[in-house]
Structure formats: C-alpha cells, structure tokens
Amino acid sequence: MYNACRDVEAPSSNEKALGLLCGRDARACNATNWIEYMFNKDNGQAPFTIIPMFSDLSILGMEPMRNATKGCNESIDEVTGPCSCQDCSVVCGPKPQPPPPPMPWRIWGLDAMYVIMWVTYVAFLFVFFGALLAVWCHRRRYFVSEYTPIDSNIAFSVNSSDKGEASCCDPLGAAFDDCLRRMFTKWGAFCVRNPTCIIFFSLAFITVCSSGLVFVQVTTNPVELWSAPHSQARLEKEYFDKHFGPFFRTEQLIIQAPNTSVHIYEPYPAGADVPFGPPLNKEILHQVLDLQIAIESITASYNNETVTLQDICVAPLSPYNKNCTIMSVLNYFQNSHAVLDSQVGDDFFIYADYHTHFLYCVRAPASLNDTSLLHGPCLGTFGGPVFPWLVLGGYDDQNYNNATALVITFPVNNYYNDTEKLQRAWAWEKEFISFVRNYKNPNLTISFTAERSIEDELNRESNSDVFTVIISYVVMFLYISLALGHIQSCSRLLVDSKISLGIAGILIVLSSVACSLGIFSYMGMPLTLIVIEVIPFLVLAVGVDNIFILVQTYQRDERLQEETLDQQLGRILGEVAPTMFLSSFSETSAFFFGALSSMPAVHTFSLFAGMAVLIDFLLQITCFVSLLGLDIKRQEKNHLDILCCVRGADDGQGTHASESYLFRFFKNYFAPLLLKDWLRPIVVAVFVGVLSFSVAVLNKVDIGLDQSLSMPNDSYVIDYFKSLGQYLHSGPPVYFVLEEGYNYSSRRGQNMVCGGMGCDNDSLVQQIFNAAELDTYTRVGFAPSSWIDDYFDWVSPQSSCCRLYNVTHQFCNASVMDPTCVRCRPLTPEGKQRPQGKEFMKFLPMFLSDNPNPKCGKGGHAAYGSAVNIVGDDTYIGATYFMTYHTILKTSADYIDAMKKARLIASNITETMRSKGSDYRVFPYSVFYVFYEQYLTIIDDTIFNLSVSLGSIFLVTLVVLGCELWSAVIMCITIAMILVNMFGVMWLWGISLNAVSLVNLVMSCGISVEFCSHITRAFTMSTKGSRVSRAEEALAHMGSSVFSGITLTKFGGIVVLAFAKSQIFEIFYFRMYLAMVLLGATHGLIFLPVLLSYIGPSVNKAKRHTTYERYRGTERERLLNF
1 MYNACRDVEA PSSNEKALGL LCGRDARACN ATNWIEYMFN KDNGQAPFTI IPMFSDLSIL
61 GMEPMRNATK GCNESIDEVT GPCSCQDCSV VCGPKPQPPP PPMPWRIWGL DAMYVIMWVT
121 YVAFLFVFFG ALLAVWCHRR RYFVSEYTPI DSNIAFSVNS SDKGEASCCD PLGAAFDDCL
181 RRMFTKWGAF CVRNPTCIIF FSLAFITVCS SGLVFVQVTT NPVELWSAPH SQARLEKEYF
241 DKHFGPFFRT EQLIIQAPNT SVHIYEPYPA GADVPFGPPL NKEILHQVLD LQIAIESITA
301 SYNNETVTLQ DICVAPLSPY NKNCTIMSVL NYFQNSHAVL DSQVGDDFFI YADYHTHFLY
361 CVRAPASLND TSLLHGPCLG TFGGPVFPWL VLGGYDDQNY NNATALVITF PVNNYYNDTE
421 KLQRAWAWEK EFISFVRNYK NPNLTISFTA ERSIEDELNR ESNSDVFTVI ISYVVMFLYI
481 SLALGHIQSC SRLLVDSKIS LGIAGILIVL SSVACSLGIF SYMGMPLTLI VIEVIPFLVL
541 AVGVDNIFIL VQTYQRDERL QEETLDQQLG RILGEVAPTM FLSSFSETSA FFFGALSSMP
601 AVHTFSLFAG MAVLIDFLLQ ITCFVSLLGL DIKRQEKNHL DILCCVRGAD DGQGTHASES
661 YLFRFFKNYF APLLLKDWLR PIVVAVFVGV LSFSVAVLNK VDIGLDQSLS MPNDSYVIDY
721 FKSLGQYLHS GPPVYFVLEE GYNYSSRRGQ NMVCGGMGCD NDSLVQQIFN AAELDTYTRV
781 GFAPSSWIDD YFDWVSPQSS CCRLYNVTHQ FCNASVMDPT CVRCRPLTPE GKQRPQGKEF
841 MKFLPMFLSD NPNPKCGKGG HAAYGSAVNI VGDDTYIGAT YFMTYHTILK TSADYIDAMK
901 KARLIASNIT ETMRSKGSDY RVFPYSVFYV FYEQYLTIID DTIFNLSVSL GSIFLVTLVV
961 LGCELWSAVI MCITIAMILV NMFGVMWLWG ISLNAVSLVN LVMSCGISVE FCSHITRAFT
1021 MSTKGSRVSR AEEALAHMGS SVFSGITLTK FGGIVVLAFA KSQIFEIFYF RMYLAMVLLG
1081 ATHGLIFLPV LLSYIGPSVN KAKRHTTYER YRGTERERLL NF
C-alpha cells in the first residue's frame, strides 16, 4: 500500500501527498510511521488514537489484516483506472534523461577557432612574406624598384597593367566622373553667386520639415521598443492579454535579517531538532508583519482621489472576499500577530506553535486545517495557496526552514488599454517606492522593486547624463569652430578664424537631424531614445568630415588667373563633392537598407539616420557652400569673424593659399613613412593578426543585456537584482496556453490534456510534468497547476465539493449545511466517471466560481478563475492555460534558454496532439518573452543587417566610382575588417550583442565609410605612375581632413562620455564609440593606404587623359605632378 501511494502528487502544492499524510517530510516517511500518524488523534482528523501492531503473526488472538492491495499501476475496478504517470513512477517507465550537453569544438585539446585562426594566420604570413621575398629577388635581379622608372623590356612590373590601352570600363568611369564634376562645378558656382536665394530656400526647407516635430511621439513602452509588432512573442502576448488579461504588475521585497542568528526548534514529544533561518525568528516575523501591514496602508492621490492597495490589488475571490493577494510567509498565519503568537502547551512543554504550523504549511500550502494541535489554516487570506518557493529564499534543496530571506510580493492589477486605471496604479507605486526607500529598521535589510522602478530609473539615468552629453557636444562644437580656421598670423587671428562658419556648419548638421525627426513625425512614426541619443553623434561625424574636406581644400587651393570666387569654389566643389556624394550616398543607402530589419530599434534608427545623412549632404552642397562663399568674401574684405561688420587692421598680407601644419605632417612625414618598403609588410601583418584574433573570438561574444547595466550605479534596483540572483528559488511564471476551440468535453480530448488517472502518458500536463523532472535542462521548475484535473476531483461524487439544491438545481457550496443539498452526480459507476459532453459544461462554471473552504479545498475560483475562458453563454470553452514556474533565471543566457526550452516543450505538445487529430496549438507565455525573443534571432539579424549595409555600400561605390569594381571590393573589405574587429573589442571589453550594440554596429558601418571612401576615391583619381605614389598622394590630400574632421572631433566628445553615471552609456556608447573611431581611423589612415599600395586598381587611363587635357596649357598642369 505504501509503495502504491509514495509517488502520488498533491496537485495544489506539487508536493508528495505522503508529506501531508505522514506529518513530516515525504522523504522521511515510511510505511510504519505513516500508519502510526494516520492512527493518532493528534493529526486533527482521527477521533481517537489507535495503536497499530506490525506483525505477520497472530498476537493476543488477533489475526493480521491480509487484505489484498492494488499496485498504483493496477485498476481497482472497471470504472477506476490505474494511477497516472505523475502519481505512479511504475506507469511512467524509465525517467526521461536530458540530452548530453554539446561537446566543445576542440582541436588538439584547444579551442578550435583559436587553432584554425592561428594556423590560417601563420599560413598567410608564410605566403605573404614569401611573395614579398620573391618580388624583392626579382627586383634585385633587374635592379629595379617601384620608385624608379620601369624598363619596358623587364618582364615583371607591379604596375604593368597601367601601360597600354584603356579598358572597356575606363571611358565609362571617366565620363561619369566628368559628369559629376561638371554638375557640381556649375551648382557650386550658382550657390556662391546667389547666396541669399539659396539660404532662404534652405531655411524654408528646414522650417517646413522641422515643423513636424509638433507631432512628435516618443516611445518609452519597452514592448514597442524591443519587440516587432508581428513577432511571435508579441502576437502571443496580445493573445494572452486579450483572453486572460495582461500579466499583473509586481511590487516585491526581499528581506534579510543580518543581525539575527539561526535558532533550533526542538519538537515535543519527539522528533529531530530543526534549525530555523534568521528571518524565521518570531521577533523578526513580527517586525516584517508590521512592515507588510504598513505597506497595505499606503495611500496615494490621483485626480484628487485617494488610491489604496485595496483599489488596485489582485483579489481573486472578489467580491466575496476582497482581501488582496499577498505572497508572504506571514499569510500562513493569516497576516495576524495573534495567530503568529498562538501556541498549545502547558507549564512544562509547548506542543505546537508557529514552528509546527510553518513546517506543515510549507508541505501543504493549500490546507485549511493543519494536523498539529493548532489546527490553523495554511491557505492565504486571499483564498489561494502560498507556495514556499515563492515566499522564501536562500534555503538548500527543499529545507525551507533554512531560509535566509523572506520574499513578499504584492501583485497589482494591470489593465489592457485603460490608461486611467494604470495611472492610479502608477500613483500608488510611487508612494510605495518612497515609503520603502525611507523605511528604517536596523534588524532588516530590504531590497525591493516596483513595476515602474526600471522605467523610473531609466528616466532618472537619462536626466542625470544629459549634462554629460551636453558637455560632450560642446567639446566637439568648440573644436570644430576653432579647427576650421587657418590662422596665418597673429594679427589676422580674428579675420582668418572661422568660428561663425563652424557654428553654421554645426547648425546645418543639427538641422538635418531635426528635419529627419520632423519628416517621420509627419508620418506618425514615433521616436525612440536610441534615435535621440545616437543620430546626432552619427550625423555630426558624417557632416563635419565633409565640412573639413570642403574648407581645407579651399584653404590649400590657389585661385587661377582671371578666376572669380564663384568659379573657384565651383571648381573646388566639382573636385570634392563627388567624394562627399560617395560617402553620404553610401551611408544613406546602407541605413535605408538596414531599415529592412524586423528589430524595432534597428528599423527606426536606420530610417531616421538615413534621412538625416541625406538631408545633411543636401544642405552642405547648398546652404553651406553659400555660407562659405560669404565667409570668404568677409575674409577677403578683412572683416572680423563673428563681428562681421567690424573691419580688422590691414597688414597687407591678404589671403593666399597655404597648407596647414596637419596637412604638411601627413604630406611630408606620415604618408612617406607609412609607405616605406620595410614598414608596409609590418602594417599588413599586424592588421591581419588583429583580424585573425577577432574572427577567433567572434562566436564568444555574449548575447543579451544584463538588466543591471541599464540602471544608474547608485540605483536601489541594482541591490534588488543582486538579491534576486542570490536568494530566489523560482523564476517567473510560465503559462502553457491551449488556443480557443479545443474540445474538452470528449474523453479523447480530455485524455490528451489532463494528467490524472486514465490520461495519456504524453498528455499536455504530463509532458510539462516530465519537463519539470529535468528542471536543470528545461528550466521548468515545477509540475503545472491543472484546472482540468482539479475539476475532475471537484466534480467526483466521492468528494463533498459539487452539490446542488435538489429543488432549484443551483450550486450549493460545500460549507452550506442544508439537507436539500445533494451531490451533483450519483455514486454509481457512471457517476464516478468523468463528466462528458453537456454535463462537462454544466458543472464547470460552478467549479470556477466555488471558493475554497474547510469542507472542500478544491474550489477553482481563486486558482483558476482566470485560467479558463468560458464563452457562448457558458456553452463551450475558449482558450485556457496551465501555469507553472521557470527555475531561477539570473543571466540573459538563462532567460534566452528558458524561452527556447519552453517553446520546444510547447512545440512537442502541439505535435503530439496533432498526431492524435487535434489542430490546435499550444504556446508558452511568460512576461519576459517579448523582451528576450530578439536574442533568438539576433545573430541572423546582425549578419543580415551588416551584410545588407555592406552590399549597398559596395553597389553605390561601384556606381559612383564609375564601375571601379576592384576599388569597391577593397573598400568593402576594409569596412568588413573594421566590423569584425568591433566584435573583437566587444569580447575584450565585455560588451554583449543586443539591440543597442547592433545599432552601434550599423552606425559603425556608416562611419567606416567616412574613413575609407575619401581615401579610396582619391586613390582612383590620382594619375601618379605607381600604386605607392598614388596611395601616398591620396593619404596626403585626404588624410588630414579625415583625421581632423572625424577622429579628433569625435575623440574629444567620446572621452567626456567616460564620465557618464550610467553604465549603459559607459559601456555601449563610450566603449563602442571609442572603438569605432579608433578602428576606423587606423584602418582608413594606415591599413587602407598600404593595401591600396599593394593591390589597388590600376590607374584609369581615360581619367588620366581627361585630366591632362582639361588642364593642358594652364598653371594647374604643373600641380598634377604634386
């Protein structure tokens, strides 16, 4: 008999039933002490004590009872079947085993990626230096160098392809480039000649576009920020909210008693000593109860109305019982100081007190009568069970008495599209936070959170870092304003400075951002915080670079004879605008294609960024060119900067072309040194080595976003997150939802779902139970609560739960003492079977409205009132759910894995049911799924977004450079190296891959274009004789502008971000921005010129011929030989 009962589960607590019937933990229960306890009147159920005698022989003339017993896998009669798998391990067969963890990929005992990349790198070095040695030997043989004239009789030449006729694509490229040059030349001259008209229309355009900001909407709802509208998790959340109501809001406290020690409880008259953890000291419990009652008494004000916890709390038995749900160990004592102090004893011994009641309730939380002499209820005052794993923390195994923390949870109603009621909850939560933060008790340490805490702290964090961000931009603005000017002498300091032009350039950049925001606000597209924080930084990098290129090219240019200012600036714009067009259009296309992403954060950022970069380019080649012309006229008239009406002292020098110190440094020192024969191989070896390392760690970058990183360093929520991982033993609840339409009234349909007697061994409930047996693998911590199994127990004629008035046939609660109340179903073989068809639906509404009471603890109102949708005037069942809990989840990887495993379980259940003829889907839902679903596909999303961006950059570069295929390939290779190295930095610096970092990666792809495109185009436009000379010329002409325009501008602003209080700013903005600027600068200004000097495309003969023809007979002809 003991063997048949030992595996039986108590559905209400998911504990072994013998734990209730034995008076001790089920693991300490055996056949003899079970019978002894059942026969003892102290159990509260037996009317008198019976002394059992265990013997196979006759004693005092009494024969041993030899009644046959049935095994749990045997049927008692024709009606009652064997026990289910949950209650009888013999029926189940072997316990399922989790699959073995995947073996790490290793070669020679080392990480395979490290080995592969190390071998690849060594092989590359061998081939690369071998090829260099072969070339060197070849040159030594013929006494030739790339820097000397190459004899046509020599068989080998690095630039042999530069000789001969132009290829078929060369004329096309030359024609396209000439077309761009002519177009921008005419346009630049027009802008300089008509500044008033251009500036007026530019301001009008900015005004019209920016006016859309009056319609701006800022999205702060985290669901909309991180989950795509048509994603699986979002659709499942909406289904759940629609059918069962939104998941409740949570206010939670984790309480420790650091100044209290463990105490020992000595049960009387017998039993082993039981240690009780510090927070389970009675004095501590009284203090915690005082705190709990004080929180219940908190009031808030909203719209001149008083809001109390009673107004917003979850009260499952309302209106019959309006007590709020409070998940607290003190609910075992009915939240009463008197009940906590109650005890039974005499002058010598205490037979029962709060210790005995606690030990019973943690085994039977749904009990209405403990079996000690106290005979008190364990069921919470709100009508539901208080599971020990939800209210206790820091215990080992299932020894709840060893708890080192108490957990108190106040569930508050959430509301589906009811802002007014939500605001009432927000108002009360604000007072709750204020109360707990100011609560002082030297005996208690409290970590806490409210539903609004994270959003509040994010807002506080954003406000606290506003000053830091402003300083960052001020530093960049000051640098730009001062660096644009080229001071030729101290006497001309106020004349040659370009502070006003720099400020105008900055305002144009900011105006482009405002226009982008305004245009999409017209369309009703909401803003996100990522857009507001990131796009100004991006557009400033892109826009300032173009400004520096345009201004510094003018400063180095000598006006030709009989050339007017508008012609000169038109000519300069014709030279530099194509490279500005290349970079800007590449970035615009990359961002617009990036908007194909399904991730809301990336989608929104890409749209706003693409539009901002495009508008910035348009304003630069219109408004800024006109402003530059006006500023040059001011300078030539010797008027002061800013105070343009004041004329400066005329020193007779005037304005003339000159080279800046930075330009001369790049031209005379940096470029020649970098392209030395001995240094170029070292550069290639170092950069390929860094690339190899980054590839090796590519698969080791963490995925997810640690919640604590999103909080300020001084946030109280960080303490809560630490306590959460340290003390809690259960994770968030998970609901397995069976979609509407399923037939529960047929025996076949019931067997596919239920988990009790006669149910399928692969039913829905049974599969979740099996998953809970493998909790470390599946992350499902407990067997599910099954409404259908409790309903079958409730409606069974053997119980006293389901009763009707024999005249009215209305439901009669089990607590009603009325002779006219009779059983719902007769005690016949047919009555003992499960209800089916119309009978199933007849009693189900009664079950779901029945409150638990001492006569019947199975009433489903509190436990399942929201779990079953009854539709069509109580004629059929809609959607239902079966709830359990995840195991404790501490890291992003835990949350991601829990969601994956829950979906796998639900998928298996769905497939099993479909194989038996059911067409309805089962899906899991937990409140965090909608935030973590993005990480299931983030690797694919990252590859897609970066590949699409790179592909669009390649196509634009190919077209704008005039079908220069190899140039486009080299540029994209360099950008790809920057992106891969970004992952290496992420691994080294502990930056995880998530939506924020993916946005930064997409942005780094765009900024990398700025570092690479100008150098690449300058190389293709150069007409020098060798690749090394062309690379040197490209670096000398464009390197200083790129370095001063992007690197120094951004570096100053980025360093300030290191002082941000926000961890997310420090990690995802300071670290990633610094990495993208340094990697972009080193690759664009060091690696790319070296790569071009080795494998750059040959000179375009058609372009060379066109250039010589254009300047033949002019003084600029001599400049072509630089």
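So for the sequence shown, the UniProt record's numbering puts the first residue at 1; every next one is plus one.
Where a beta carbon is used, it is the ideal one built from N, C-alpha and C, also for glycine.
Between the options, which lies nearest to residue i when the distance is taken from Cα to Cα?
i            : options                 : result
residue 423  : 256, 308 and 122        : 308
residue 1136 : 777, 321, 827 and 712   : The chain is shown from 1 up to 1122; residue 1136 falls before or after that span and cannot be answered.
residue 205  : 187, 179 and 622        : 622
residue 613  : 681, 538, 572 and 593   : 538
residue 710  : 638, 455 and 608        : 455
residue 938  : 1010, 602 and 1065      : 602
residue 412  : 326, 474 and 473        : 326
residue 754  : 834, 556, 800 and 706   : 834
residue 263  : 256, 273, 255 and 254   : 273
residue 782  : 240, 770 and 592        : 770
residue 897  : 704, 954 and 853        : 704
residue 1065 : 467, 855, 950 and 278   : 467
residue 701  : 629, 993 and 566        : 993
residue 211  : 832, 588 and 522        : 522
residue 391  : 727, 187 and 421        : 727
residue 619  : 188, 99, 105 and 116    : 188
residue 1097 : 1082, 615, 365 and 1030 : 1030
I need the boundaries of the beta strand (DSSP E) containing residue i, first residue and last residue.
i            : result
residue 879  : 876 to 885
residue 734  : 733 to 738
residue 1089 : Premise fails: residue 1089 lies in the alpha helix (DSSP H), 1088 to 1095, not in any beta strand (DSSP E).
residue 852  : Residue 852 -> no beta strand (DSSP E), and no H or E assigned at all.
residue 272  : Here residue 272 belongs to no beta strand (DSSP E), and DSSP marks it neither H nor E.
residue 923  : 922 to 925
Report all residues from its chain with a CB closer than 7 Å to the CB of residue i; omit the five preceding and five following residues, and keep chain order.
i            : result
residue 1119 : Here residue 1119 scores only 46 on pLDDT, less than 50, and its place in the model is too uncertain to base an answer on.
residue 449  : 252, 717 and 720
residue 881  : 244, 735, 736, 737 and 867
residue 164  : In this predicted model, residue 164 has a pLDDT of only 49, less than 50, meaning its place in the structure is not dependable enough to derive any value.
Could you pull out every residue in the same chain whose Cβ sits closer than 6 Å to the Cβ of residue i, ignoring the five residues on either side in sequence?
i           : result
residue 759 : 84 and 751
residue 847 : 791, 794 and 860
residue 733 : 883 and 885
Following the continuous alpha helix (DSSP H) through residue i, name the residue where it begins and the one where it ends.
i           : result
residue 845 : 837 to 849
residue 772 : 764 to 773
residue 222 : 222 to 226
residue 914 : 892 to 915
residue 299 : Residue 299 -> not in any alpha helix (DSSP H); beta strand (DSSP E) instead, spanning 299 to 302.
At a threshold of 6 Å, does residue i count as lining the ligand MG (C-beta to nearest heavy atom)?
i           : result
residue 766 : By its list of ligands, the structure shown contains no ligand whatsoever, and the ligand MG lies outside what it can speak to.
Using C-beta distances below 8 Å, list every residue in its chain close to residue i, excluding the 5 sequence neighbours before and after it, in chain order.
i            : result
residue 1013 : 579, 582, 583, 586, 957 and 971
residue 1076 : 978, 982, 1000, 1003, 1004, 1007 and 1008
residue 838  : 745
Legend entry - Inside the region 530 to 593 only - alpha helix (DSSP H) runs reaching at least 4 residues: none
Legend entry - Segment contact flag, the region 888 to 895 with the region 818 to 827, C-beta cutoff 8 Å, min 3 pairs: no
Legend entry - the region 739 to 755 / the region 472 to 486 touching (three or more Cβ pairs under 8 Å): no
Inset, instruction - Kindly confirm or deny that the region 331 to 345 and the region 427 to 442 touch, where touching means at least three C-beta pairs closer than 8 Å. - result: no
Inset, instruction - Mind the definition here: the region 496 to 506 touches the region 195 to 202 only if three or more C-beta pairs lie below 8 Å; say whether that holds. - result: no
Inset, instruction - Say whether the region 544 to 552 touches the region 978 to 993, bearing in mind that this needs 3 or more beta-carbon pairs closer than 8 Å, one atom from each stretch. - result: no
Legend entry - At least three beta-carbon pairs within less than 8 Å, the region 1086 to 1096 to the region 998 to 1017: Yes: at least three Cβ pairs fall under 8 Å.
Legend entry - Inter-stretch contact at 8 Å, needing at least 3 Cβ pairs: the region 371 to 386 / the region 345 to 355: yes
Legend entry - Cβ pair count under 8 Å reaching 3, the region 915 to 922 against the region 895 to 904: no
Inset, instruction - May I ask you to verify whether the region 688 to 697 touches the region 1032 to 1050, counting CB pairs closer than 8 Å and requiring at least 3? - result: no
Legend entry - Contact between the region 220 to 229 and the region 927 to 942 (3+ Cβ pairs under 8 Å): yes
Inset, instruction - Could you name each continuous alpha helix (DSSP H) segment of 4 residues or more that falls completely within the region 688 to 755, going from the start of the chain to the end? - result: As far as the region 688 to 755 is concerned, its whole alpha helix (DSSP H) runs of at least 4 residues are 716 to 727 and 747 to 751.
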